[in-house]
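Per the working numbering, residue 14 is the first one in the sequence shown, and the count goes up by one each step. Heads up, the beta-carbon is just placed ideally off N, CA and C, and yes, glycines get one too.
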Amino acid sequence: MFLTLTTTGTPERPATDLGYLLHKHPDKAQAFSTSYGTAHVVYPEADDQRCTAALLLEVDAVALVRRGKGKGRGGAPDAALAQYVNDRPYAASSLLAVALSSVFSSAMKGTCHARPELPAEPRPLRVEVPALPARGGAELVRRLFEPLGWAVAVEPVALDSEFPEWGDSRYVRLVLESQALTVAEALRHLYVLLPVLDDAKHYWVAPDEVDKLLRAGEGWLAEHPEQKLITSRYLSRRWSLTRQAMERLELVRLAEADDSEVEEIDNAVGAETEEEQRPTPLAVQRRDAIIEALQASGATRVLDLGCGQGQLVQALLKDPQFTQITGVDVSMRALTIASRRLKLDRMGERQASRVTLFQGSLAYTDKRLKGYDAAVLSEVIEHLDLPRLPALEYAVFGAARPRTVLVTTPNVEYNVRWESLPAGHVRHGDHRFEWTREEFRAWADAVAERHGYGVRFVPVGPDDPEVGPPTQMAVFEIDQAGPKNEKEAKAA
Ligand code: SAH
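Here's what the structure looks like:
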C-alpha cells in the first residue's frame, strides 16, 4: 500500500517545506508502527524545486486477523477477513487512510508550530496512488475528486498485464493534481475518499466514526455533490449513522446559509435519502421537547450548559419569550463553531444582546451562572466522570439555583433498538456512563431531595413498551416550600 505526495517550489517557497508541513524531515526515513503493520515515510526526492514524500504501509496480515478475531463483536465475520488478508496488503484502502491519519495527524489538522503560516498556504500538489481499489470505477473517482478542485487522471489497472483479454481489475492508478489546495486539505480528502472508493472498511464502524468523518470533512463535505454517497459508504451503509451525519452536515450547511429552520433539516435530509417515512431525528425531537418545557416554565433567562455547537441556542433565539440565552461549554472548539453558526459577529445589536457564549466547566461553582430562570443540561451529564457529578450537581442546583432545570441523558435500555450499536456499547465514544431509567430516576430524585426541587420525568422519542424512550428528560422545578428544604440541604 503506497501513495506519494509531491510538491514543486521556487527558491522563495522551496518544495522542501513539505517536510515542515508533514512534520517529517526529508533527510530521514522514518517508520511508525500502527495497529495493522508498519508505516514508512520516505522522501524519494527532496530539493527546492521538487519534493516527494511517500507513505508506504507494510501490512501485518497476522495482526490484522488477530485484531479482527480479538474484537469478538457480533457481526465482525471471520469469513470476510479472509478477503482482507488476500488483498489488503497490496491496495491502498481504509488501512492506508488510518495510517495517514496516525502518521500525519498534525498535518491533517493543519498545524505547524515551526512555521505557523505554512499550512494555510495552497501549493502545487500531486498525489499518486498506483493501486487504488475503486468500486464505481474511474467515473466515480472523478465525481469524488473533481468537485474538490483536483485535476484527476485515472487509469484502470489490467487484471494481468500479460493477458489483456482478461480485462481490468477493480483497481485504478490515480493521479491528482492541484494548485489551489493545502496539504491539510489534500490529506483530509484522501483520508475520507480512499475508504469510500474501497467501500470495504476493515474495522467495525462505531458511532464515533461520524465525528471522524465530520472532522475530516470540515470545509468541503457539506457542499460536496456526492455527499450522500460519501457519507453512506464511509459509514459502511449503516443507515442510522448516515442519517446522523447527514443531519449534522445539513446543520453546517444551514448555519452557513443563514435561513436555518430546524424543521427544514428533517425535510431536507428526507428528500435526499431513499428510505421512506423516516421519523424526525432524535436530536430534533430532543430540542423540541426542551423548548416546550422551557416555554411552559415561563422562563425568559435561560442557560444552556454544555451547549456544544449551539443548536439549542440558535433554536431558542427564534422565540422572543427568551430574552437572555447563555451558552456555556468547556470546549473552546465547540464554542467557536457555535459562534460561527449563530453568526454572532454579523448579528444585529438587539439580537446579539440576547446571546452570550462563554467557556466554563460545570465541575466548578461559577458566579456567572446565577440569576437565570432555567438551565438546560442536554446530553451533558454522561460526559462527566461519575465522581465529578456531585460537583456539577452543586454548581447547578446548589449554587446557580435556577427555578427550572432540564436534564436529558440517553436511556441505555433503548440501546438494543439501535441497529448500528454493537451490544454493550455506549452511543458516543465520550460517554462515561449511560443510565437505565431506574438509575436516572434514582439520581434525579436524590438531587431534587437534596436541593429542594420537585422532579418529573418526560420521555423523548418513541416510548418503547419494553425498553422505554431513547432519551430521558428530568424536569426539576424549585419547590415552593423551598426555604425549609434549602436549609436542610445546607445542613446536609
Ligand atoms: N447540549 C448539546 C451538546 C451535548 S454534547 C446537545 O444536546 O446537543 C456534551 C457537551 O458537553 C460537549 O459540548 C462538551 O464539551 C460539554 N461538556 C462536557 N463536560 C463539560 C463540563 N465539565 N463543563 C461544561 N461542558 C462540558
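Beta-bridge pairing of residue i - partner residues as DSSP gives them
i, result
"A44", "H53"
"W448", "N424"
"A387", "V315 and T417"
"P146", "Y184"
"S191", "L138"
"A59", "C64"
Beta strand (DSSP E) segment containing residue i, residue limits
i, result
"F371", "V368 to Q372"
"A487", "T484 to I491"
"V480", "Here V480 belongs to no beta strand (DSSP E), and DSSP marks it neither H nor E."
"G467", "Y466 to V473"
"L70", "R63 to V72"
"T17", "F15 to T21"
"P24", "From DSSP, P24 is part of no beta strand (DSSP E); its letter is neither H nor E."
"P169", "A164 to A171"
Any non-hydrogen atom of the ligand SAH closer than 7 Å to residue i Cβ
i, result
"A302", "no"
"E406", "no"
"Q62", "no"
"E392", "yes"
"S249", "no"
"L113", "no"
"Q257", "no"
"L329", "no"
"G474", "no"
"Q485", "no"
"L397", "yes"
"G319", "yes"
"S352", "no"
"D221", "no"
"V341", "yes"
"A376", "yes"
"L382", "no"
"A413", "no"
"L325", "yes"
"A347", "yes"
"S118", "no"
"S344", "yes"
Span separating the alpha-carbon of residue i from that of residue j
i, j, result
"E490", "T47", "52 Å"
"W252", "G411", "42 Å"
"E288", "E236", "Because the pLDDT of E288 is 37, which lies under 50, any placement of that residue in the model is unreliable, and the number read from its coordinates should be weighed accordingly. Whole-angstrom Cα-Cα distance: 22 Å."
"A120", "P475", "43 Å"
"L31", "A66", "8 Å"
"A151", "Q485", "48 Å"
"V425", "V343", "25 Å"
"G384", "T369", "14 Å"
"P39", "V205", "26 Å"
"Q324", "C64", "44 Å"
"R359", "Q327", "14 Å"
"S118", "L34", "11 Å"
"M345", "W179", "56 Å"
"E198", "H441", "26 Å"
"V72", "V111", "12 Å"
"E531", "R454", "Outside the shown range of the chain (14 to 505) lies residue 531, about which nothing can therefore be said."
"N428", "V196", "40 Å"
"D379", "A413", "8 Å"
"E479", "L227", "34 Å"
"K37", "V54", "8 Å"
"A281", "E263", "With a pLDDT of only 35 at A281, under 50, the local geometry of the prediction cannot be trusted, and the value read off the model is given with reservation. For A281 and E263, the distance between alpha carbons rounds to 8 Å."
"L69", "Q364", "53 Å"
"D443", "E25", "45 Å"
"L405", "A376", "5 Å"
"T255", "Q308", "32 Å"
"A459", "P403", "11 Å"
"L318", "E447", "19 Å"
"L397", "Y247", "29 Å"
"A42", "T51", "13 Å"
"L329", "R261", "18 Å"
"T20", "A193", "12 Å"
"E395", "A487", "14 Å"
"A59", "T17", "13 Å"
"G283", "L234", "Bear in mind that the predicted position of G283 carries a pLDDT of just 34, short of 50, making it unreliable; the figure below should be weighed with that in mind. Whole-angstrom Cα-Cα distance: 18 Å."
Endpoints, alpha helix (DSSP H) assigned at residue i
i, result
"S118", "S118 to K122"
"E222", "D221 to A229"
"K241", "Q240 to Y247"
"L402", "L402 to E406"
"V196", "V196 to D211"
"Y377", "Looking at the DSSP string, Y377 is not in any alpha helix (DSSP H), and its letter there is neither H nor E."
"G32", "D30 to L35"
beta-carbon residue i near the ligand COA non-hydrogen atom, thresh 7 Å
i, result
"L325", "With respect to small molecules bound, the structure shown includes the ligand SAH and not the ligand COA."
Item to check | alpha helix (DSSP H) runs contained entirely in the region 300-370, provided each spans 4 or more residues | outcome: 324-330, 345-355 and 362-365
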